[in-house]
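Engineer: Sending over a structure as structure tokens; questions will come in a sec.
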Amino acid sequence: MSENNADTGALEAPTHWTSLEELARTPEFEAFASAEFPTAWEEARHSEAGRRDFLKLMGASLGLAGLSNACVRQPDEKIVPYVKMPEELVPGKPLEFASAVERGGYGTGVLVETHTYRPTHLRGNPEHPDSRGGLHPQAQAGVLDVWDPDRSRQIRRRGNVSTWDSFVREMNEVIANLSEQNGAGLRFLTGQTSSPTLLRTFEAIRQRMPEARWHIWEPVSRHHMYEGARRAFGRYLEVRYRLDRASVVFDLDADFMGAMPGAIRHQAEVLRTRNNQDFDRWCRLYVAEPTPTVGGSAADHRLRIRSGEAGALLAAVARALGLEVPRPKASVDGAFATAVARDLAAAGRGAVVVVGDAQPPEVHALAHAIHAHLGAAGHAVVTTEPVLAPVVDPMQSLRDLVSAMNAGEVETLIMLDRNPVYDAPADLEFGKALSKVPNRVHVGAHTDETADVSHWHIPSHSAFEMWGDVRSTDGTATIMQPTLRPLHDTHSPLAVLSIFSGENEGTDYDRVRKTWKERLKGDFEKTWRRALHDGTVPDTAFRVRQPKLDPKVLKGAPPPGPDGLEVRFVPDPNLWDGRFATNPWLLELPQPITKLSWDNAVLVSPSTAEKQGLEATDVVELRVEDRMVEAPIWVLPGMADDVATVHLGWGRRSAGPVGSGQGFDAYAVRSSQRPWNTAGKLKKTDRKKRLACTQDHFRMMDRGLIRAATTDHYASHPQFAHAREAHLPKLTLWKPWSYEGHKWGMTINLSACNGCNACVAACQSENNIPVVGKEQVAKGREMHWIRVDRYYSGPVEDPVLTHQPVTCMMCENAPCETVCPVNATVHGPEGLNQMVYNRCVGTRYCSNNCPYKVRRFNFHLYADWYEESLKGQRNPDVTVRGRGVMEKCTYCVQRINRATIQARVEGKKRIETDSIQTACQEACPSRAISFGDLNDPDADVARKQKTPLSYALLGELNTRPRTTYLARLFHRNDELPVPTPARQTESHGDAAGKGGTHGSH
Amino acid sequence: MAQIFPRSANAVFRATVMGVIGLVAATVALAYGIHGGGYFTRQDLIRHQPVPFSHRHHVESMGIDCRYCHWLAEESHFAGIPPTHTCMGCHSQIWAESPMLKPVRDSYESGEPLVWNRVHDLPDFVYFNHSIHVAKGMGCATCHGRVDEMALVWQENTLHMAWCLDCHRNPEKYVRPKDQIYNMAWNPTAREQAELGPKLVEAYDIQTQDHCYTCHR
Amino acid sequence: MGPTEPASTGGYVAPARVVGSSESLESVTTKIGDIPLSPRLDKLWLLGLLGAFGLLQLLFLSIAWLVTQGTGVWGLNIPVGWGFAIVNFVWWIGIGHAGTLISAILLLLKQEWRMAIARFSEAMTIFAVACAGLFPILHTGRPWLAYWLLPYPNTMGMWPQFRSPLMWDVFAVSTYATISVVFWYVGLIPDLATLRDRAKNRGAQWLYGLLSLGWRGSGRHWHRYEVASLVLAGLATPLVVSVHTIVSFDFAMSVIPGWHTTVFPPYFVAGAVYSGFAMVLTLILPFRWYYGLENIITERHVQNCAKVMLATGLIVAYGYGMEVFIAWYSGVQFEWFMVTNRMGGPYAEYYWALILCNVITPQFLWSRYFRTNVWALWMLTIVVNIGMWLERFVIVVTSLHRDFLPSSWDMYQPTFWDWGMYLGTFGLFFTLLFLFIRVLPAIAMFEIRMLVPDNAAKGPKE
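See the structure below:
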């Protein structure tokens, strides 16, 4: 039952408290249980939209906030110069540092933009193998965590403020007491890691206390990938896909552009080629998956399957390839299998089967067999030493820990950046077991569920306050360097471990350097500085190991999937396993496919919903084995039938005022036996839940919004994108303006866009875009300057998904401009449609008159004017908007101005070709967005807009938009039935749109 | 029946009508005066500082160039306020004991920065950039006035948007040769400026940037 | 006793008299003049005033909440950036049309029947415009900066944007308000003098004395009065047309399907007059009943108003028809979708309700029975008032909530504060109206007196 999860919520079930019972009545205990928040924050936590609403009220209490520039006298301001100027710093100019952000043990290289050392914005490190300059939202949002006002700020012992020294003292006592038993009873719990320094430290601990145990827990682990490799090659190996060498890619329930480590690289390698029209180099993408993913959106052919059927499908493919594998029991789409097989065979060494981490090892092993058979092994699919070390099955490791705790063998448990009380499978009853441990230490950035029931809580640094190291999927190491001193009394996990390793003198800096001194050859200082500068440590990528395939793998048949309704547990595209649930950007970011914001839901296909008599926003009891959780339904076209997909990471109970209580907790029904997919039931209740969805309608109404065709059709009809354009006389009342100088424009390539949201997150960070909270989103007041529209075409059960990022179109005949009574939105000489916040009185006429509805209005004081710590993140080159003004995409004018001024100061007439990148363009892993000067023939955007694929959205209105789209091309396999291209048929999928923002009527 | 109003009522009435009209006019005028005037703009308001730093002394008497302390004027939007070290560069030798300079020495020793009162303060939604103005031949004195003659600095101009636009729309009225930018005393006659201005605008390729995104984003 | 009719011959029925035959110069003056002058406060009036005053407090509350919290307290969103505020604005302005039309245009057309209802409907106009005027200012995100819409020399070196219809609104509405007030006041002067002379207590004498600006009714006074009112009528007449034309531009000048329509100006003006006369009847029927003025506001007036309603109602109906026809005829898919969405979309019931109220109901006015039966007519006018409000709601909301890109479609749901503002303006309107009835002569006594003699001459003696 769901109560199990509440076991350790200290207040809910005090009976489980043995060691702390006597505390239960003392005020300390109250403080202990209910974190450090002042009561106001407690209220905020309970209000649906968390801190946003709370602050909105604060704003109200401050009356006419936003009365910024009427007749108000400027406040007195101070100037505080440095005492001693750091030589590399030029106040007023941003400074970038190379570092990395880590998830599940893998690092993605980033460049941290700082203003006087305040990290304000991230961009992918072009030099880094797993970034290539792209950056996904989770990494992007990392910059906000530094400034998160809900971060844990002080060390606490049993809920009382304590100090680092007393912690060290107590830990040393622990070590002393355990010394004669060689550390038995001391246990560590960490996530999967690739950090050489961390490994070195653990090695030191092992030397010192051989009996101490290190457990690893990762709710979303890759162990099946390793296990599959072991079955195939007899040893654990890292599998890496070289999709730049692939010509056919078969994604088998892998979400290889989303959840899978290396996603950004995968996306870059597959989709960047789609920016040139050399179709032979396009790799054909087959995707077989239960739930639409970003990868599935970019697929040339997409097949809906249950996760349980993946093995059977792959077996069928293997057989079609002539491999001797047992005939699959489950029935599969034979036509698809044979077509894929034939295509893979044709691709030979360029053939890749990407198997999802959730698939059983047998399937991974079978994929290896196929690769070996086709000669792709070692070419398009390579295996190296494991990046994550040591390779252990996190599930088993956690099981061992729990049984040890229940057996009372654990005296001190050190939990580093882990939150098992929340994210351990329900059947392990981790909380209950934990309460038997006399001394629990939690190290983490927030006072989360686990911190609430730990004796010690040590706040940990944010990513940009500490030294560390991490490896990418190909082993390349990155030194993580801080850009500023810790803002609060926080400490790194490494520092905590060092107490036990005996390396506690010195700092993390020394420890990391020590690690690399041992490893780097040649002039250390030189290499070290270069590594810091580049963001990658030279030649640390792992060498390819290609052992012989064990033929036995062909014998092993994958286990059959569950019968009846298959319940799938997948990491949330935004919150992952829940660790990001404190980040308002990620909470509000509309999910790539469902467009849900501030919530997760049970996703089912329209026909499944029909069969079960459910419709969107119905609350159901999701029952798995003897456990149950209540959750809302969301009907999602493109889902496989009889599948219910739930996203992990929601329903946090102690994630600060913002994250707590958003969505439902899928861990409550997750079991350690079948953590990925299992049989379950949905029981309808008579309740509905209001869900905030940013897009309720996804029919194109035959309006030619997204234009698409197959590459062949394009070859024969190059003008297809304009075939149905009405040729009306293009009249205008105003004198046309000739743009002599620069003429800014943007083009978005729909073939390369998979709707990953990278652009949205990057824009939010670059342009100080506020978070508005669930209530406001539900009312249709989200503030994102760039939104990704998602449309379906074809049959509702099996539609084709296409995504269309919509920015301000910068219309040359802008409807918004002529209607503004105060000239607050006007046209610039370079064609920018300029929005001037300080002149805006907020009639909203411009937004009404905008055919693209890209304008956003501050209905309340959305920007947080009062939270000091958030001010650190703001981009000083962009105005923070007040209440009652309109805002919209500016093509990142602050970057244009910086470049313009720079060029003109240097006496140049023009800005160099493509030297300006907008935030969205920069972040896009597949380079789908081009921005630049349309007057410059060499500019990428100019060249793209000249191709016949380029079309204007709603061009017939004669708004003359500067942002155009490149029609989507499908690189289809003729053997397979062609799903009709987007603009020809209509899906009738509005069913799934019912409810949504207006689910309440 | 008896008259309700005495004869004088007419006069009173007329006076009242006039009075009301006058009052309204006066109120409007007052509003203009206050909003446009020194109270809001802080024009000509002498600002006291933690250290009574005299520009007159340092520029006029010592002949120190503006860029010695405001070293960023040519490369950043921010002209730069000297770090304590810059002050101590000289004042560790001269006036090393002066009580006036105690805050500076304290800052130097304690590492606590000096906190100056901002004199020229544009609203936060205005993005002014020194480097481009300097590069295009705008002299310091054009906006800041004769700082070299100010003991304590005050704001010479209104800093009203209209004031900015005046120059942004007719730069030739204010542009000066680049070698005169830091010359506080540069003061051409109207005729000189009239013939020099257009030439310089041409020479420096000055564009009349009066669209909103020039300063607002 | 009511007016007696001449024997009717054939189907023809002679129109009822403009003033009941029994009325004399004296009776007219007392009947009308005693309403403001009577010393006693009657319960019903007081009750009405208090009710209205209560609603007025709701208006103040709503405004306070709005200004401290932001426009977010309303149900607005993107795409529906305009909601109740603009609907109410257009509705009130429309109601404000009857007054000027009656007093100005009918004056120029020398329509005697205007005299009895002119002042009342002018007052109504002014109060309606006062209500309307609140919304354009308060619906902005930063009302305290609304003065930026005025072209005045400023420290920013900026002008407002003269291409914007909202800009034109500022002038249209303010001019209209000014002229209406002046016209109304000038018309009041002779009667104020009458009240001054009839008033018993000093206070009243002072008040009316001041307001009547020393009017003594000399020939010179009357002559100037005639000239003035003619000039003002001349000025006001084009305004009747211009104001709602320009209000309609707020929509017609946009690109939004359902707004971008050339038929808007005439059809908005017609709609305005339609709703204006409806409101006149809604208010004047109870008024004349309560103060027993059936002889002064006779069946003739009521019937004529009803006929104007019928005529304008038909023009409005034509407007609806044209919207649909052009949407189809243009062959623009967005236009046609807008129509189908209005008729079958989530707001369909509002659209059909509006058709019922504004197109079907007025057809009853073809029948003399409905024009003369006070109760039926009164109900009918209320229905029309509601219908005209619905019309504006349909135009504003259904056009916006589903425009070009389906991805940004959304719904609009009014909140408590939307209603608060709307009902609140009723408070303002009726507070002013009740005070007007009690303090000023609601009917132009001197004009009615002009009618009496010739009325007496023509009419059969009893």
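Respectively, the protein sequence lines represent chains X, U and P.
With the first letter of the first sequence counted as 1, position 958 gets the number 957 in numbering that gives the first Met the number 0; the numbers rise by one all the way through.
With the first letter of the second sequence counted as 1, position 195 gets the number 194 in numbering that gives the first Met the number 0; the numbers rise by one all the way through.
With the first letter of the third sequence counted as 1, position 140 gets the number 139 in numbering that gives the first Met the number 0; the numbers rise by one all the way through.
Even for Gly, the Cβ is constructed at its ideal location relative to N, Cα and C.
From residue 850 of chain X to residue 281 of chain P, what does the alpha carbon distance come to, in whole angstroms?
Structural biologist: Using only the alpha carbons, I get a separation of about 41 Å.
Engineer: Using beta-carbon positions only, say whether residue 838 of chain X and residue 158 of chain P come within less than 9 Å of one another.
Structural biologist: Not closer than 9 Å, so no.
Engineer: Quick check on residue 9 of chain U - is its C-beta less than 9 Å from some C-beta in chain P?
Structural biologist: Yes, residue 9 of chain U lies at the interface with chain P (some Cβ there is under 9 Å from its Cβ).
Engineer: Applying the 10 Å Cβ sphere with the 16-neighbour rule, what's the burial state of residue 217 of chain P?
Structural biologist: With fewer than 16 Cβ atoms within 10 Å of its Cβ, residue 217 of chain P is classed as exposed.
Engineer: Given that residue 831 of chain X touches chain U, what residues does it touch there, using C-beta distances under 8 Å?
Structural biologist: Going along chain U in sequence order, the residues near residue 831 of chain X (Cβ under 8 Å) are 212.
Engineer: Going by C-alpha to C-alpha distance, which of P/235, P/38 and P/154 sits closest to residue 30 of chain U?
Structural biologist: Here the closest residue by C-alpha is P/154.
Engineer: Would residue 378 of chain X and residue 227 of chain X qualify as a contact pair, given that the criterion is a beta-carbon distance under 9 Å?
Structural biologist: No; because the gap between Cβ atoms is not below 9 Å, this pair is not in contact.
Engineer: How would you write the range of the alpha helix (DSSP H) that residue 418 of chain X sits in, first residue to last?
Structural biologist: From DSSP, residue 418 of chain X is part of no alpha helix (DSSP H); its letter is neither H nor E.
Engineer: Going by alpha carbons, who is nearest to residue 663 of chain X out of X/242, X/644 and X/974?
Structural biologist: That would be X/644, whose Cα lies nearest to the Cα of residue 663 of chain X.
Engineer: For residue 536 of chain X, name the three-state secondary structure that DSSP assigns.
Structural biologist: Of the three classes helix, strand and coil, the one that applies to residue 536 of chain X here is coil, per DSSP.
Engineer: Please report the straight-line C-alpha distance between residue 144 of chain U and residue 57 of chain U, rounded to a whole angstrom.
Structural biologist: If I take the Cα positions, the gap works out to 16 Å.
Engineer: Work out the CA separation of residue 695 of chain X and residue 588 of chain X for me, nearest whole Å.
Structural biologist: If I take the Cα positions, the gap works out to 16 Å.
Engineer: When the Cβ atoms of the segment 339-347 of chain X are set against those of the segment 359-375 of chain X, are three or more pairs found closer than 8 Å?
Structural biologist: Yes, since at least three Cβ pairs between the segment 339-347 of chain X and the segment 359-375 of chain X fall closer than 8 Å, the two stretches touch.
Engineer: What are the start and end residues of each continuous alpha helix (DSSP H) run of 4 or more residues lying completely inside the segment 696-733 of chain X, in chain order?
Structural biologist: The segment 696-733 of chain X contains these whole alpha helix (DSSP H) runs: 710-715.
Engineer: Can you check which of these residues, X/266, X/220 and X/196, is closest to residue 190 of chain X by C-alpha distance?
Structural biologist: For the residues X/266, X/220 and X/196, the minimum Cα distance to residue 190 of chain X belongs to X/220.
Engineer: Taking 9 Å as the threshold (beta carbon to beta carbon), is residue 69 of chain X in contact with chain P?
Structural biologist: Unreliable positioning characterises residue 69 of chain X in this predicted model, as indicated by a pLDDT of 44, which lies under 50. The coordinate reading is nonetheless provided below. Yes, residue 69 of chain X lies at the interface with chain P (some Cβ there is under 9 Å from its Cβ).
Engineer: At the level of alpha carbons, what is the spacing between residue 447 of chain X and residue 717 of chain X?
Structural biologist: Looking at the two C-alpha atoms, the distance is approximately 57 Å.
Engineer: Quick check: residue 228 of chain P and residue 96 of chain P, are their CB atoms within less than 9 Å of each other?
Structural biologist: Not in contact: residue 228 of chain P and residue 96 of chain P (Cβ atoms no closer than 9 Å).
Engineer: Quick one: which chain X residues come within Cβ less than 8 Å of residue 137 of chain P?
Structural biologist: Chain X residues near residue 137 of chain P: none, gap ~11 Å exceeds 8 Å.
Engineer: What did DSSP end up calling residue 20 of chain X once you bin it into helix, strand or coil?
Structural biologist: Since pLDDT at residue 20 of chain X reaches only 29, below the 50 mark, its modelled position is unreliable, and no value is offered.
Engineer: With a cut-off of 9 Å, does the C-beta of residue 164 of chain U fall near any C-beta of chain P?
Structural biologist: It does; some Cβ of chain P falls within 9 Å.
Engineer: Short check: CB of residue 141 of chain U to CB of residue 107 of chain U, under 9 Å?
Structural biologist: Cβ atoms of residue 141 of chain U and residue 107 of chain U: not closer than 9 Å.
Engineer: For residue 102 of chain P versus residue 183 of chain P, is the C-beta distance shorter than 9 Å?
Structural biologist: In this structure, residue 183 of chain P lies closer than 9 Å to residue 102 of chain P by Cβ.
Engineer: If you draw a straight line from the alpha carbon of residue 702 of chain X to that of residue 840 of chain X, how long is it in whole angstroms?
Structural biologist: Cα to Cα, the separation comes out at about 34 Å.
Engineer: Identify the continuous alpha helix (DSSP H) that holds residue 77 of chain P and give its terminal residues.
Structural biologist: Careful: residue 77 of chain P lies outside any alpha helix (DSSP H) and carries neither H nor E.
Engineer: Just to confirm my understanding: we take residue 286 of chain X, look at its own chain, exclude 5 residues before and 5 after, and list those with CB closer than 6 Å. What are they?
Structural biologist: So the qualifying residues of the chain are 250, 294, 295, 298 and 301.
Engineer: Quickly, what does DSSP pair residue 1037 of chain X with across the bridge? List them, please.
Structural biologist: As shown, chain X starts at 0 and ends at 1000. That puts residue 1037 of chain X outside it, with no answer to give.
Engineer: Would you mind reading off the limits of the alpha helix (DSSP H) that contains residue 847 of chain X?
Structural biologist: First-last of the alpha helix (DSSP H) with residue 847 of chain X: 844-847.
Engineer: For the beta strand (DSSP E) holding residue 117 of chain X, just list the boundary residues, first then last.
Structural biologist: Residues 117-123.
Engineer: Should the segment 315-327 of chain X be regarded as contacting the segment 816-828 of chain X, the criterion being three or more beta carbon pairs within less than 8 Å?
Structural biologist: No: the two stretches stay apart, fewer than three of their Cβ pairs being nearer than 8 Å.
Engineer: What first and last residue would you give for the beta strand (DSSP E) that runs through residue 804 of chain X?
Structural biologist: Note, residue 804 of chain X: beta strand (DSSP E), 799-805.
Engineer: Strictly below 7 Å CB to CB, what residues from chain X border residue 145 of chain P?
Structural biologist: Within chain X, the residues near residue 145 of chain P are 840.
Engineer: Would you list, in sequence order, the uninterrupted alpha helix (DSSP H) runs of no fewer than 4 residues that lie entirely inside the segment 230-279 of chain X?
Structural biologist: With a minimum length of 4 residues, the continuous alpha helix (DSSP H) runs that stay inside the segment 230-279 of chain X are 262-270.
Engineer: Scan the segment 836-862 of chain X for residues whose Cβ lies nearer than 8 Å to a Cβ of chain P and list them as they occur along the chain.
Structural biologist: Listed in sequence order: 838, 839, 840, 841, 842, 843, 844, 846, 847, 848, 850, 851, 852, 854, 855, 856, 857, 858, 859 and 860.
Engineer: Can you tell me the Cα-Cα spacing of residue 39 of chain P and residue 122 of chain P, whole angstroms?
Structural biologist: The straight-line gap from Cα to Cα measures roughly 23 Å.
Engineer: Can you have a look at residue 150 of chain P and say buried or exposed, based on whether 16 or more other CB atoms are within 10 angstroms of its CB?
Structural biologist: It counts as exposed.
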